[in-house]
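Comments concern the structure below.
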Amino acid sequence: MKNKREITIRVSEQEFAMLESHCQAVGRTKTDILREFIRSLGAAHGNLTHQSTGMNE
Numbered sequence: 031m032k033n034k035r036e037i038t039i040r041v042s043e044q045e046f047a048m049l050e051s052h053c054q055a056v057g058r059t060k061t062d063i064l065r066e067f068i069r070s071l072g073a074a075h076g077n078l079t080h081q082s083t084g085m086n087e
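For what it's worth, the numbering used here labels the leading residue of the sequence shown as 31, then goes sequentially.
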């Protein structure tokens, strides 16, 4: 990845605990899990990763 962007999100304590528990169970970082989820969105929508979505950043 050449250009990286940073995302900050607010989640409930329960959501954070769920993510943290999952990460520990599968031995991966929160960043890895969230990146994989975001990439799955592209696959679900015809791989938008290399296309303009027309949305403002």
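Quick reminder that beta carbons are idealized off the backbone N, C-alpha and C, glycines included.
Asked	Found
Under the three-state reduction of DSSP, which class applies to residue 70: helix, strand or coil?	helix
Starting from the N-terminal side, write out each stretch of the alpha helix (DSSP H) that is 4 residues or longer and does not extend beyond the stretch 35 to 70.	43 to 56
Do you know offhand how far residue 50's Cα is from residue 60's?	7 Å
Could you compute how far the alpha carbon of residue 45 sits from the alpha carbon of residue 67?	15 Å
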